[in-house]
Every structure is written in structure tokens, then in C-alpha cells.
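See below for the structure under consideration.
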Amino acid sequence: MKDWLPAYAAGSLPEADRERVRAHLTGCARCRAELAAWEAIAGVATPPGPPPDPARTVRAALTRSALDGSAGPADPTASRGLSASGGPAASAGPAASAGFAGPAGFASYAGFAGAAAGDRRARPLRHLLALVRAEARLIRLVVPVASALVMALGVALVLLPGPGLPGGAAELVLALAAPVVAAAGVAGTYRSGTDPAAELVAATPVSGRLLLLVRLALIFGFDLLLALAASAVLALAGTPGAANVNALVAAWLGPMALLSALSLLIAVRFGPDVALGAAVGLWAVRVLAGGTLVRDAWPARFIVEAWSTSAPILLVSAATAAAAVILSGRGEPHGGWRATHPM
Amino acid sequence: MRPLTLWRYEARRAGWAALLGPPLAVALGVVAAWANPLPGETTTARILLGALEMAIPLAAGVACGSLTGRDPAVEIQLTAATSYRATLLRRMAVTLAWTAVIAVLTAAVLIATGWWARWPENHGPVAGQLTWLAPTLGLSGLGFAAGAVFRSPAAAGALVTTVWALQQFFGDAAQQNVAGRLLYLFATTRGAVPGDWAANRLTLLAVAAGFVALALVVLGHSERLIGEEDE
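Residue numbers (numbering that gives the first Met the number 0), protein chains in the order written: chain A, 0 to 342; chain B, 0 to 230.
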């Protein structure tokens, strides 16, 4: 009899058997208690009414979003600004941004949406700033400190009294130090083996390209400011041949951009170690071509010209960096530190 | 673990930069010598010896700078009975041994083909090996110490390359005082005050020993190797 109680509670027992069970229950308190338990379970499992209309649910969510400017219940992380992995939830949850424009019913709430539009436009910016802050915390302090020390070494070499340096020493020092400092820093931006957040980054729904761009902006931006500051210091100090800040900047800007872009491209394809080695090798060729081995030959002149500041060089640098960012979304670096086991 | 297995493991951990850097440096010198448009065998011989004195030390310095700060198993290493600085010292030895093999083979070829003797300041086939050995150890020591202090291959590599590049362009200024002459990396192929060459080479070796000692002291504080990520 006990085996029939679940079906009895669910109402699926044939009529003849239901009568037998009903008759038994009148004289058996234990089975009545068990039936009560089965009926409680059946009550939870059975929906109280017909399923909700999806169209109405979506419309209600959109209406609520338009009225209060919130992202709605579809993406609970959006209201927190950042997902658990540190990335902006707006990128992770499509309900948080672009999905509002489609439904026709949305037009009737245009007035309310207009009031909330400013907030929605500001939200991606807030998320981006939060992402920048989160990524900045992941950069080990020693990296910017070391970059600053190397640049300070170059500036001190020019400023400190000592052996007479050749004319144009200020430009030369900045042109030698700034590119390799920036390129070495950029080489470590993409999936470095010691990145403390490497596994989180690999698992986050935030675009890897966006993360790379943010890291790149932080590292390259810092080195750019560092070189600008060094140029300003040398110019303000009245260093011979360094009165023109524009000329000082022109000495390092193009080489810095090109070497960093190449370093990034190699890092994306082959990993940070190869990128660092390649950047050092390329820069060594530039240094040797410009001052030591075959100074007057056409290959040396070509190499020196290629490492200068000009519109074509800056365009090539930008294109190379863009190619690196595009490639960064495709798989993992060959032979590098993989987030997952090799297949 | 058998000794050979251990050394093979350390060679793998030293990385591709340590393996490929020295041969590529020599190849760069050979290409530069081949493309040299200036007349005279002396110039070509200078470029070939320059590959030993300039390119190989840079490759070794950057490779040694990358030994600290890129070990994915550093926490396991720190729990082992062998001290981590001994492990890093083994990796540096592997890196320098491979660099020495490439440099000695290159020097042997240059001596056998007569290009070594065509450079007037060659200092003979035996003592002349200090042409590459002293700057290699000097820059490697600098790279190793910078890697230990910064725990960043990028920072150490940038420092080594900057020092190398500054010495390339300011060689004449370095000759104007004693310290500059003694610490100059390229005294064989870029010129030195007569009589200073041996002192210069020995000073570079001593400086290298000082840098390695500094690195070992810094690496003795093993908590620094894993501390910052926890902050």
C-alpha cells in the first residue's frame, strides 16, 4: 500500500486503486502521515499556474530598466560594477547595455530612458576605470620602479659632472634608453608566466583584447610619461644641445613606439621571453649599426632611418600594435605559459 | 635524481633565451662582417672579434637576468631542501657554460682561419679569450643581480641592454677617467689606453664576482621571491 502513496498524492492512480487507498487511509494513521509528506512534495513540484509569458517577462524587465536605469535581474553582477574575476560586468552581460534598443514597446518609455541615458553612457566609462584600477594593482611595483631607475641612470649620466660627453648626448641617451625600457615592459604584458592573476584572466568573460589594451596603456603610458619627464628635466637643466624639447622627444618617440609594437606582436605569438630577447636583439642591431660596425654603409643607414621618428614609422607601429591586439584573441601563445593543458 | 638529469632539467629551466642567444649573436657578427663594405681585412677582423666581445656578452647578460622571476615552480623550489639560490646558480652556470662553448668554438674558428691574428689588439689565442670572457661575466653578473633585486626579467634585461648601449656610444668619454677605462666592456675592439687592457679585464671579472655575491645575498631572503603577490 505504501508504494501507491506517491502516485495517489500526484493524482495519477487509477480510480479503482484510489478507492482501495482511500479505504485503507481511514484506518491507518501512519499512512495518512506519509501521504501528507508526499502531498507536500507534490505541491512544491507542481507549478501553481500556467508558465509566464516570455514576451511579457522581457517587456516587464525592459520597462523596469527604463524607469530606474538598472540593468534588470538578468545580470546580477552588473549592479556591482565588476564581476568576480575583476572584469566589467557590462562586457560580460549583454543585458547590461546594448540589448535595450530592439523592442518596439521601448519607444513609449523614451522620456524615462532619456533621463537614464546619461547614467548608462557613463557606466562603460566607470567600468573601464574600474578595470584600469584593477589591472594597475596587478602590476608589480618593481616594474615601474626599475623603468624609472634606468631612465634616471641615463639622465644622471648627462647631468652629472664628469667626462666630457659628445654633442647631442642628451638626445642619444634618451634614444638609447627609452625604447628598450618600454619594449621590455610591453613584452611582459601578455600572459606572463608570473602573472598572479593569469588563471583568473584566462577564466574571465571579459575580452582578452580589452585586458591587453588596458595593460598596454598602463605600461606604455607610464614609460611614455617617464621619457617625457626625462626630456623635460634635461631641457630645463640647460643641457647643451637639449634646449629643444621637440627634438628630444623626436629622438626617442618613433623608436620607442616601433620597438614596443614589435615586442608586443612577438609576445602575443611566442610569449614574453622570446619577445624580450627579440627586442634586445633588434635594439642591439640598431645600436651597432648607428655607432660601431659599419656606420657609413647603406644597410646601417637604412637601419638608423627605420628607427627614427616619422609619420610612416608611427603608422607602422600603430598597425603592428593593432595586429598584435587582434591576434591576441586567437588561441594561446605558441610554447608559452598556457592557461590550460596542451591538447 | 642523477646528476645528468638534474643538469638537463636546469638547462630546460634556463629557457630558450639562454640556448638561442649566443649562437644568434655569433650569426649576427658573421652577417655584419660579410656585409661590411669597408675595405681591409682588419676591419672585418674587428667586426668578427666584436661579435665575441659585444654580441655574446649581451646575449648572456639578458639570459642571466631572466633566470629569476620566471620560474613557475618557485614555491615548490622554496620548499625543497636545496636552497633556491643554489638552484639559480646552477642555471647561471648552465647558461654561461653554453655561452662559453659557443664563444670558444667561434674563437677557435677565427684562430684557425687567421682572422683572429688580423686584428692587431688580439692579445694572443690564450689570454685573448678574455676578450669575450670578461665582458660576458661582467654583464651576466649585472643581469643576475638585477634579476634578483627586481625579480623581473624585463627590468633586468632593460638595465643590461641600456648599460651595454650606453657603453657603445660613450666609449670615448669612458676613456677619460680611470673608473671608466677599467669598467669599459669593449676594450679589445673599441680601443683602450695601452697597458690598461689586462687591468680592465680583471676588473670586469672582479665586478662580476661582486654582482654574483650581491645576488646571492638578495636571494637568501627567499620570502622576497613570493611576497609581493600576496600584498
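Virtual Cβ for every residue (Gly too), placed ideally from N, Cα, C. On a predicted model such as this, the values are computed, not experimentally measured, just so you know.
How far does the alpha helix (DSSP H) with residue i in it reach, from first residue to last?
i, result
"Val-248(A)", "244-269"
"Pro-13(A)", "Careful: Pro-13(A) lies outside any alpha helix (DSSP H) and carries neither H nor E."
"Ser-139(B)", "129-149"
"Trp-114(B)", "Run containing Trp-114(B): none; DSSP gives neither H nor E here."
"Pro-178(A)", "168-186"
"Gly-156(B)", "152-168"
"Val-177(B)", "177-181"
Which residues in chain A have a C-beta closer than 8 Å to the C-beta of residue i? List them in chain order.
i, result
"Ser-151(B)", "Arg-139, Val-141, Val-142, Ala-145, Gly-187"
"Val-61(B)", "Leu-275, Gly-276, Val-279"
"Arg-117(B)", "Simply none; closest approach about 16 Å."
With DSSP run on the structure shown, which of helix, strand or coil describes residue i?
i, result
"Asp-70(B)", "coil"
"Phe-301(A)", "helix"
"Ala-80(B)", "coil"
"Glu-120(B)", "coil"
"Ala-112(A)", "Because the pLDDT of Ala-112(A) is 48, which lies under 50, any placement of that residue in the model is unreliable, and the number read from its coordinates should be weighed accordingly. Looking at Ala-112(A) - three-state DSSP - the assignment turns out to be helix."
"His-220(B)", "coil"
"Gly-71(A)", "Note that Gly-71(A) scores 43 on pLDDT, short of 50, meaning its location in the model is unreliable and no value can be drawn from it."
"Ala-77(A)", "Caution is warranted here: a pLDDT of 40 is assigned to Ala-77(A), below 50, making its placement in the model unreliable, and no coordinate value can be reported."
"Arg-189(B)", "coil"
"Tyr-7(A)", "helix"
"Pro-239(A)", "coil"
"Thr-41(B)", "helix"
"Ser-316(A)", "helix"
"Tyr-8(B)", "helix"
"Gly-14(B)", "coil"
"Thr-105(B)", "helix"
"Pro-2(B)", "helix"
"Arg-139(A)", "coil"
"Pro-102(A)", "Only weak support is given to the placement of Pro-102(A): the predicted model assigns it a pLDDT of 41, under 50, and the question is left unresolved by the model."
"Met-53(B)", "helix"
"Leu-19(B)", "helix"
"Gly-26(A)", "coil"
"Gly-194(B)", "coil"
"Met-91(B)", "helix"
"Asp-229(B)", "In this predicted model, Asp-229(B) has a pLDDT of only 37, less than 50, meaning its place in the structure is not dependable; the value taken from the coordinates is given anyway. Note: Asp-229(B) maps to helix in three-state DSSP."
"Thr-308(A)", "coil"
"Ala-172(B)", "helix"
"Val-125(B)", "coil"
"Ser-146(A)", "helix"
"Ala-97(A)", "Here the model assigns Ala-97(A) a pLDDT of 33, short of 50, so the residue's position is not dependable, and the following value carries that caveat. Ala-97(A) falls in the helix class under three-state DSSP."
"Ser-327(A)", "coil"
"Asp-52(A)", "coil"
Enumerate in chain order the residues of its own chain whose CB-to-CB distance from residue i is below 8 Å, with the five nearest sequence positions on each side excluded.
i, result
"Ala-15(A)", "none"
Can you list the residues of chain B that residue i reaches, using a CB-CB cut of under 9 Å?
i, result
"Val-179(A)", "Gly-156, Ala-157, Thr-160, Thr-161, Ala-164"
"Leu-152(A)", "Leu-158, Thr-161, Val-162, Leu-165"
"Leu-261(A)", "Ordered by position in chain B, no residue passes the 9 Å Cβ test against Leu-261(A), which lies about 15 Å from the chain."
"Leu-247(A)", "Ordered by position in chain B, no residue passes the 9 Å Cβ test against Leu-247(A), which lies about 16 Å from the chain."
So, for residue i: in the same chain, excluding its five sequence neighbours on each side, which residues have a beta-carbon less than 6 Å away from its beta-carbon?
i, result
"Leu-224(B)", "Val-73"
"Ala-168(A)", "Val-157"
"Arg-79(A)", "Caution is warranted here: a pLDDT of 39 is assigned to Arg-79(A), below 50, making its placement in the model unreliable, and the coordinate value is therefore given only provisionally. There are no such residues."
"Ile-17(B)", "The residue asked about is misnamed: residue 17(B) is Ala in this sequence, not Ile. If we look at Ala-17(B) and ignore the five residues flanking it on each side, its Cβ neighbours are Ala-62, Thr-94."
"Val-248(A)", "Ser-230"
"Gly-153(A)", "Val-172, Ala-176"
Whose C-beta lies closer than 7 Å to the C-beta of residue i among residues of the same chain, with five residues either side of it excluded?
i, result
"Val-149(A)", "Ala-176, Val-180"
"Arg-117(B)", "Glu-40, Thr-41, Ala-44"
"Leu-24(A)", "Cys-30, Arg-31, Leu-34"
"Gly-170(B)", "Tyr-183, Phe-185, Arg-189"
"Val-213(A)", "Leu-130, Val-131, Glu-134"
Since residue i meets chain B, which of its residues come closer than 7 Å, beta carbon to beta carbon?
i, result
"Pro-311(A)", "Result: empty, since nearest Cβ-Cβ is about 24 Å, beyond 7 Å."
"Ala-176(A)", "Thr-161"
"Pro-298(A)", "Ala-34"
"Gly-184(A)", "Ala-153"
"Leu-156(A)", "Leu-165"
"Val-149(A)", "Ala-157, Leu-158, Thr-161"
Who are the neighbours of residue i on chain A, taking C-beta pairs under 7 Å?
i, result
"Phe-210(B)", "Within chain A, no residue comes near Phe-210(B); the closest Cβ sits about 16 Å away, beyond 7 Å."
"Ser-139(B)", "Within 7 Å Cβ-Cβ: nothing; Ser-139(B) doesn't reach chain A, min ~14 Å."
So residue i contacts chain B; which residues on that side make the cut at Cβ distance below 8 Å?
i, result
"Ala-266(A)", "Result: empty, since nearest Cβ-Cβ is about 10 Å, beyond 8 Å."
"Asp-272(A)", "Gly-14, Trp-15, Ala-16, Ser-65, Arg-69, Pro-152"
In chain A, which residues lie less than 9 Å from residue i when you measure between Cβ atoms?
i, result
"Leu-27(B)", "Gly-280, Ala-283, Val-284, Leu-287"
Kindly confirm or deny that the region 306-316 of chain A and the region 42-55 of chain B touch, where touching means at least three C-beta pairs closer than 8 Å.
-> no
Is there contact between the region 171-183 of chain B and the region 106-113 of chain B, where contact requires at least three CB pairs shorter than 8 Å?
-> no
Please determine if the region 91-108 of chain B and the region 188-205 of chain B are in contact, where contact requires at least 3 C-beta pairs separated by less than 8 Å.
-> no
Cβ contact (3+ pairs, closer than 8 Å) linking the region 135-142 of chain B and the region 199-209 of chain B = yes
Tell me, please, whether the region 142-153 of chain B touches the region 118-132 of chain B by the rule of three or more beta-carbon pairs shorter than 8 Å.
-> no
The region 216-229 of chain A touching the region 245-256 of chain A, judged by at least three CB pairs closer than 8 Å | yes
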